[in-house]
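Engineer: Taking the numbering used here, the leading residue of the sequence shown gets 4, the next gets one more, and so forth.
Glycine is no exception: its CB is placed at the ideal position from the N, C-alpha and C atoms.
Input: one structure, supplied below.
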Amino acid sequence: MHSSTGQAGSVSPSSTVGDRVGDERERARLAALEGYGLLSDVPLAAGSWPELDAVLRLAVQVSGLPNATLNLIDADHQRQLATVGFVGCDSAREHSMCGQHFLSGRPVVVPDATRDPAYAANPWVTGELGDVRLYVSIPLVTADQHVLGTLCAFDSEPGHPDEHLVASLRDVATVVLGLFEQRRAARHSADLARQAQDQQVLAQLAARELETRQELLDAVLGSVAVGIVACDQDGRLTVFNEAAREWHGTEVLDDVPPHEWPRRYDLFDVDGRTPLRLDQVPLMRALEDGHVENIEIVIAPVGGKATRALCFGRALTAPDGTALGAVVAMADVTEERAQQAALSRTQERLALSEARFRSMFEDSPVGIGLSDEHGLFVAANDALCRLLGRSESQIRGSSSLPFTHPDDAGAHRSARTMLADANGAPVHVEKRYVRPSGEIRWVWLSVTRVDGPEGQDWTLAHIQDVTERKQSELELRDSRETLTAVAQVARCAQAGTDPRPVVVSAVRDLVGAGSVALVEPDGDELVVTACEGIDTMGVRTPTGQGTLTGLVFGTGESAFIGDARAFSPASKALSELSNTRAVLCEPVIANGKTVAILLIGWLEPAESLDPRIASLVATLAAETGAALTGAMLRQQLQALATTDPLTGLVNRRGWYERLDALTARVRRTGESLTLAVADLDHFKKYNDTHGHDAGDELLREFAERTTSSLREIDLVARWGGEEFAIALPGSNSDEARIALDRLRRNVPGGQTCSFGLATWDGVEPLAGCLARADEALYRAKVSGRNRISA
């Protein structure tokens with residue numbers, strides 16, 4: 004199979020018919036093409052040859068490519084007999100992509116025609132006749148070795164089809180040739196009938212045989228996926244296609260009786276260990292029961308690769324009801340099942356992470372609700388449950404409308420409209436909730452849009468009980484100002500910006516303080532991390548009870564001093580807040596732990612703390628705790644989003660984020676940049692032999708040795724499975740090869756590793772450079788593994 008630049012392009016019509024022998028072969032080929040009588044049918048009228056149309060649709064199905072055509076190539080033209088996915092047209096043979104190579108009789112695969120010099124200027128690539136990128140061509144070679152044309156499948160996007168796809172298309176091409184032979188035989192039979200009346204009986208017998216063979220062909224085409232096996236009514240195997248032979252690791256053995264099938268063809272149950280009984284073999288079940296569907300088995304030849312196959316099949320009968328046998332189509336689901344198992348393990352790890360972070364969500368003193376794109380709660384914390392007077396199970400799956408006061412239903416419906424028009428900004432709504440007891444609670448909602456797990460428009464609501472605010476105009480005003488500050492802090496947390504300056508500014512404005520400082524623990528000390536009204540940023544005090552801040556930090560209880568000059572433990576704090584008389588030290592608590600302290604000072608002494616001020620500060624302290632916890636949670640989530648949990652390396656997302664910085668650096672400095680792809684050899688066999696735990700340990704140790712062997716400026720990422728991506732700034736191809744060879748000679752566990760590398764030219768997209776490295780890795784693999792290819 005041709006698959007690289009230059010191989011396909013080196014074959015041209017002129018070079019294959021340039022001498023007398025070539026001319027004789029071409030004349031013979033054209034005579035064979037004329038003998039099939041197909042050129043007069045180009046293009047086929049709609050529905051005139053349904054079997055051929057079905058085969059062409061099958062080519063699209065098995066290849067996964069959107070376009071397919073059957074090309075007949077005569078002396079001067081490419082004639083498109085039938086097409087799927089586009090409107091065909093005739094073209095000059097010199098403009099035919101297939102015309103450049105079809106006489107070789109070998110399949111051709113071109114991942115991207117625009118990058119192949121043999122095809123880049125072809126009208127079918129440039130847009131004059133088509134926009135072909137990924138291109139697969141299977142020659143139609145008769146039993147007499149005459150090439151009539153090609154079965155061609157293509158896409159307008161580049162791609163990398165595997166060998167199984169090519170093998171499947173070759174099977175389809177075989178079926179096409181069978182249809183050609185069938186039509187020629189039918190025409191020949193008709194000619195014989197017209198030429199000699201005495202041959203009428205023979206012609207009828209031939210027609211009946213062709214009809215029976217057509218029924219068998221139709222049945223196979225109706226069931227085929229990748230691998231196909233069939234038998235006659237007596238259990239003799241009659242069809243065993245290339246994919247089936249590859250999976251079984253053997254050729255079909257006609258003399259194998261059915262009771263020997265499980266043993267001779269290595270057929271096992273889904274556990275891969277229990278041999279199938281004869282009545283469990285899908286082909287036998289189809290023969291006896293008439294139909295099988297979604298039957299999964301394992302084909303495990305001794306010393307070969309095990310294949311998980313999903314089987315579909317049915318019994319075959321002639322039009323008169325005569326039993327002909329059975330056919331089974333098998334789809335390879337080995338990789339899909341492995342991915343499902345990996346996904347299950349990932350989901351388990353994510354569930355553990357979610358449980359840890361959910362505890363922070365649950366312990367927030369502020370009501371928090373998360374709703375899906377339909378406005379239905381998917382999560383509600385304890386604070387929200389208490390506010391609504393309902394359990395989480397009563398809230399989850401419902402919108403907030405059933406809990407809303409009837410007079411506020413309009414505000415509920417308008418909130419979603421407002422949010423849609425807010426362009427990502429938070430929306431604030433005041434409304435009333437009704438508890439099951441009939442008690443009415445006023446709330447202030449800060450609602451913002453967030454992304455759901457699949458990018459849906461979900462909403463996050465911070466819900467503050469403001470019932471007492473309604474008791475007076477002053478409380479109403481204060482509460483509004485409080486919620487505005489809370490919203491500002493929440494926006495900071497949601498946007499990932501530092502909420503601390505917003506917190507101290509909001510507290511100072513709300514309570515009319517002379518100064519406010521936010522103090523947080525740092526080891527055995529407390530340090531000022533934000534301040535307003537006094538310049539104490541970075542000032543440190545001990546955590547012990549010798550100071551007011553240390554006392555409150557240790558007890559977790561707020562403290563108010565009407566006149567700080569008369570309270571000796573406040574002296575250290577007062578040195579930080581000069582001219583301060585009245586002092587409030589409010590702990591900021593999250594998850595039951597003091598995480599910070601709000602230190603608030605007034606210039607005048609006070610008899611006692613105003614309950615209104617105490618409430619305002621407590622509210623902002625609670626939101627500050629949630630904001631600080633949220634900021635920490637966001638940092639942890641950002642780290643998880645870019646880190647592979649098994650190896651600790653960056654994942655693909657982290658790779659692309661850091662690769663941008665490396666690219667900017669080499670553009671600025673003019674250094675070289677080499678990208679490499681590494682793949683542990685025979686990793687699946689290692690996993691199967693030693694177990695997945697040992698496989699995970701091998702991946703972790705390989706990652707550790709790789710990072711320790713490379714420079715700090717180099718970038719290593721787990722690309723997926725046993726593949727790793729490596730970026731080596733400042734290294735050309737030769738220097739990179741030296742560094743990678745150190746890694747190759749230091750693979751743990753007695754294993755080996757293959758590498759592919761490519762040096763970036765500074766112009767091509769980085770994805771293209773990485774694709775070249777991946778192609779080089781493929782060459783290293785097929786050349787014997789445990790090597791480096793550039």
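Assuming T650 and R714 form a contact by the criterion Cβ under 8 Å, report the distance between their Cβ atoms to the nearest whole angstrom.
Structural biologist: The pair is not a contact, with the Cβ atoms about 18 Å apart (cut-off 8 Å).
Engineer: In whole angstroms, give me the CA-to-CA distance for L577 and T583.
Structural biologist: Confidence is the limiting factor: at L577 the pLDDT is only 43, short of 50, which leaves the residue's position unreliable and the question unanswerable from this model.
Engineer: Go ahead and pull the three-state DSSP assignment for L313.
Structural biologist: strand
Engineer: Mind pulling the beta strand (DSSP E) runs of 3 or more residues that sit fully within the region 299 to 371?
Structural biologist: 310 to 320 and 326 to 335
Engineer: Is F758 helix, strand or coil by DSSP?
Structural biologist: strand
Engineer: Measuring straight from C-alpha to C-alpha, what distance separates P304 and P126?
Structural biologist: 47 Å
Engineer: State the DSSP-derived secondary structure class of E579, mapped to helix, strand or coil.
Structural biologist: Bear in mind that the predicted position of E579 carries a pLDDT of just 47, short of 50, making it unreliable; the figure below should be weighed with that in mind. Three-state result, E579: helix.
Engineer: Is there contact here, the region 115 to 123 with the region 142 to 153, by at least three beta-carbon pairs under 8 Å?
Structural biologist: no
Engineer: Going by DSSP, which residues form a beta bridge with S792?
Structural biologist: G759
Engineer: A533 and I603 look like a contact to me (Cβ under 8 Å); what is the Cβ gap, rounded to whole Å?
Structural biologist: About 13 Å; that fails the 8 Å criterion.
Engineer: Tell me which residue opens and which closes the beta strand (DSSP E) that F563 is part of.
Structural biologist: A562 to I564
Engineer: Exposed or buried, C772, counting other C-beta atoms within 10 Å across all chains shown (16 or more means buried)?
Structural biologist: C772 is buried by the Cβ-count criterion.
Engineer: Can we say the region 546 to 558 touches the region 584 to 604, given the rule of at least three CB pairs closer than 8 Å?
Structural biologist: yes
Engineer: Look up P545 in the DSSP assignment and give the residues it is bridged to.
Structural biologist: Answer by DSSP bridge pairing, in chain order: E528.
Engineer: Might you give, ordered along the chain, the residues of its own chain that have their beta carbon closer than 6 Å to the beta carbon of R661, omitting 5 neighbours on each side?
Structural biologist: L718
Engineer: When you compare the CB positions of F183 and L41, do they come within less than 8 Å of one another, or not?
Structural biologist: Closer than 8 Å, so yes.
Engineer: Count the other C-beta atoms from every protein chain shown that fall within 10 angstroms of the C-beta of S51, then say buried if there are 16 or more, exposed otherwise.
Structural biologist: exposed
Engineer: Can you name, in chain order, every residue of its own chain whose Cβ lies under 6 Å from the Cβ of R740, other than the five neighbours on each side?
Structural biologist: I791
Engineer: Quick one, are the C-beta atoms of L373 and G400 less than 8 Å apart?
Structural biologist: no
Engineer: Let me check understanding here. Comparing Cα to Cα, which of P608, R280, V284 and V530 lies closest to I564?
Structural biologist: P608
Engineer: Please classify I443 as buried or exposed, where buried requires at least 16 other C-beta atoms within 10 Å of its C-beta.
Structural biologist: exposed
Engineer: When DSSP labels each residue in this structure, what does Q103 get in the three-state scheme?
Structural biologist: Assignment of Q103 by DSSP, reduced to helix, strand and coil, places it in the helix class.
Engineer: Classify H695 as buried or exposed, calling it buried when 16 or more other Cβ atoms lie within 10 Å of its own Cβ.
Structural biologist: exposed
Engineer: Considering Q397, what are the terminal residues of the alpha helix (DSSP H) in which it resides?
Structural biologist: In the DSSP assignment, Q397 falls within the unbroken alpha helix (DSSP H) covering E395 to I398.
Engineer: Report the rounded CA-to-CA distance for D682 versus V111, giving the unit in angstroms.
Structural biologist: 27 Å
Engineer: Within 10 Å of its beta-carbon, does S394 have 16 or more other beta-carbons around it, so buried, or fewer, so exposed?
Structural biologist: A residue is called buried when at least 16 other Cβ atoms come within 10 angstroms of its Cβ; S394 does not meet this threshold and is exposed.
Engineer: If you draw a straight line from the alpha carbon of H415 to that of E725, how long is it in whole angstroms?
Structural biologist: 51 Å
Engineer: So, for E245: in the same chain, excluding its five sequence neighbours on each side, which residues have a beta-carbon less than 8 Å away from its beta-carbon?
Structural biologist: A170, R173 and D174
Engineer: Please state if the CB of V531 and the CB of V519 are separated by a distance shorter than 8 Å.
Structural biologist: no
Engineer: Can you tell which of G759, Y689, P161 and A567 has the C-alpha that lies nearest to the C-alpha of G752?
Structural biologist: Out of G759, Y689, P161 and A567, Y689 has the C-alpha closest to the C-alpha of G752.
Engineer: Between V87 and V63, which are expected to be in contact by the criterion C-beta below 8 Å, what is the C-beta distance as a whole number of angstroms?
Structural biologist: 5 Å
Engineer: Across which residues does DSSP place G604 in a beta bridge pair?
Structural biologist: S518 and V586, per the DSSP bridge assignment.
Engineer: Could you pull out every unbroken alpha helix (DSSP H) segment of at least 4 residues lying fully inside the region 710 to 742, listed in chain order?
Structural biologist: Taking only runs of at least 4 residues, no alpha helix (DSSP H) segment lies wholly in the region 710 to 742.
Engineer: Assuming the contact rule is C-beta atoms closer than 8 Å, S94 and Q81 should be a hit. Round their C-beta distance to whole Å, please.
Structural biologist: 5 Å
Engineer: What residue range does the beta strand (DSSP E) around R435 cover?
Structural biologist: From DSSP, the beta strand (DSSP E) with R435 extends over V430 to V437.
Engineer: Relative to the ligand GDP, is the shortest distance from any of its heavy atoms to the C-beta of L631 smaller than 7 Å?
Structural biologist: In terms of ligand content, the structure shown is empty, and the ligand GDP therefore cannot be addressed.
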